[in-house]
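The structure under discussion appears below in the form of structure tokens.
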Amino acid sequence: MDAITDRVPSFAEHASRLANTHLRELLKDKARGDRLRKRVGPVLLDLSRQKLDLAALDAVGAYVQGTNWEAARDAMFSGAHINTSEDRAVLHTALRAGGSKLKSPAPAADLEEIEATLKRIESIVGAVHAGKGPEAGLPATITDVVNIGIGGSDLGPRLAVDALAQFHVPHLRSHFLTNVDGHAAAGLMKSLDPKTTIVLLVSKSFNTQETLLNGNVLRDWIATVYGGDLKKAAGHFLSVSSNTKAAADWGIPADKVLPMWDFVGGRFSLWSAVGLSIAFAVGMEHFRALLAGAAMIDDHFRSTPWQENLPVQLAIAEIWNRNVRGSTSRAVVPYVDPLIDLPSYLQQLEMESLGKHVTPEGKHVGGRTVPVVWGSIGTNAQHAYFQALHQGTDIVPLEFIGIVKPGHALAENHRVLLSNLLAQAAALALGKTTEEVLAESKDGNQAIAAQRTFEGDRPSTVILLDALTPEALGALIALYEHKVFMLGHLWGINAFDQWGVELGKLIAKQIQPALAGKPDPSFDASTQALIAEIAARS
Ligand code: F6P
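Take the sequence shown: its position 215, counted from the start at 1, is 510 in our numbering, and no numbers get skipped.
Laid out in structure tokens, this is it:
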């Protein structure tokens, strides 16, 4: 096989210069700091703790500029079929075009359908909030809304509903049922009242096993209120799907199905009717504000040169760490409890989009694509894995996310939280030398001093939102979406399909009968042995 060479250049001269330049030194350069710290609306992006100097930044920027990224970006916004393996447009940006200052180049018919769907959402949500559920074909009294969906039909709405807790309407609780693990459905059914619960069955394909199974379970449960009548139980359901026929076959009539379109990928779909649970939770005004925040970043991405363009800058930091420095993962650590779901959301957005090794032409991509994305909430994370991030043998770039104004009045809590975020970023970058440790030491013990030394020079990014408002959240998510677009473009892969999830789904379907007692000798020896173990103990 031919040697695999990275599509992204090695920037060898810059890499070797910077290998010998500690972040302590880089941070002294004020002009560099000013270039690497940029604000758009409520979002401040600080890349000054990345191991880039201005010469390296300009070299990578010149490379990016030479890739014709602006034409590729414009093709996406205008609805070209850039998802070539599925021959689809990629138009999640059209879903929020109503909030843009720039005119959308998306097809007018699509923009009209999108606005019409927003109006439908508005009327359904308005009816329920006004206690007039029957106007939307739903029960009169509704206390709880359960979103059933998985992947993109769960992660985005879940993230936004949790993040915007301070904007929730009173008297309506939101729940997310995702996993096929029966513990989740059983737990929900124990705590909710089937009479006053409505269910949003969200599945673009209406063919996702976990979602349909959980839908059946909740429909059976609601049917207990109606003497087992499944049709009446379906009166508690709305669906969001591009497969209206399958939804109707399941029992949800077309007038209670909101559309998804082929041009919206699951992981980019929270701006569509997939965001119905968000609109129920925070009301239509705030849902539109979320869209407007994303539209603001769309406008910025469409109109700003690379030097000032936040998504492009984030992509530059990622290829620097991944392709030039060889990092294998990136940790995302929000110092914001309501953003607890951001790492899982980004896992799907980035790893399902960019976890590819074959180009649209069917060739090996060469070099590395997406790193593993992981993380959890700070400060908790400091007391779990930060030891390894400070002193372990692997250098893991981090992304810290904080908010300036919290949604509570506990000023001291917030000061402590933010001081920890800032301290961690500083400690990772600056470290503490053995000399500094020895200067504080009483006994001059060299071995202990070595263990208490921090090499520092460990890169991180800080993203600060002014506050966790719908606009700021929309902007933050759109920033990541466009970073993903840029990386797909730079790595030469289609960021908008997901063939890699199919094989396991298929095999699971083949294994099910074997678990129900119909042995199948065609499985490999390991799978056979485990099926036998399960059979022997169930
Ligand atoms: O299994 C991956 C996936 O296809 C995701 O891309 C998608 O977001 C998720 O499953 C759910 O799919 P659907 O909305 O069709 O149920």
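Just so it is clear, CB atoms sit at the ideal spot from N, CA and C, and this is done for glycine as well.
- Exclusion of the five residues before and after residue 312 leaves no residue of its chain whose Cβ lies closer than 7 Å to its Cβ.
- For residue 519, the three-state secondary structure derived from DSSP is helix.
- When the Cα atoms are used, residue 382 and residue 660 turn out to be separated by approximately 20 Å.
- For residue 780, the enclosing alpha helix (DSSP H) has its first and last residue at 765-786.
- Cα atoms of residue 490 and residue 441: separation of roughly 13 Å, rounded to the nearest angstrom.
- Beta-bridge partners assigned by DSSP to residue 471: 442.
- Shown here for residue 657: not one same chain residue has a beta carbon closer than 8 Å to its own, the five before and five after excluded.
- Contact annotation: residue 340 and residue 333 have beta-carbon atoms nearer than 7 Å.
- According to DSSP, residue pairing for residue 756 in a beta bridge involves 694.
- Looking from the CA of residue 617, the closest CA among 568, 667, 390, 579 belongs to 667.
- At the C-beta level, residue 624 and residue 691 come within 7 Å of one another.
- Here residue 556 carries a coil assignment [DSSP, helix/strand/coil].
- Judged by DSSP secondary structure, residue 599 falls outside any alpha helix (DSSP H); it is assigned neither H nor E.
- With contact defined as three or more Cβ pairs closer than 8 Å, the region 709-723 and the region 302-317 are not in contact.
- In the three-state DSSP reduction, residue 629 falls in the strand class (E or B).
- Secondary structure within the region 312-344: the beta strand (DSSP E) runs of 3 or more consecutive residues, fully enclosed, are 332-335, 338-341 (chain order).
- Distance from residue 649 to residue 786 at the Cβ level is roughly 7 Å; contact confirmed, criterion being Cβ atoms closer than 8 Å.
- For residue 364, the enclosing alpha helix (DSSP H) has its first and last residue at 364-373.
- By DSSP's assignment, residue 532 forms a beta bridge with 494.
- Rounded to the nearest whole angstrom, the CA to CA distance from residue 554 to residue 379 is 22 Å.
- For residue 481, no pairing in a beta bridge is given by DSSP.
- Here the region 395-410 does not lie against the region 426-436, with fewer than 3 beta-carbon pairs under 8 Å apart.
- Under DSSP, the beta-bridge partners assigned to residue 668 are 625.
- Residue burial annotation: residue 753 is buried, with at least 16 other C-beta atoms found within 10 angstroms of its C-beta.
- The closest heavy atom of the ligand F6P lies less than 6 Å from the beta carbon of residue 796.
- Under the three-state reduction of DSSP output, residue 511 falls in the helix class.
- Shown here, residue 711 sits in a helix according to DSSP, grouped into three states.
- Excluding the 5 residues flanking it on each side, residue 792 has same chain C-beta neighbours closer than 7 Å at 378, 380, 381, in chain order.
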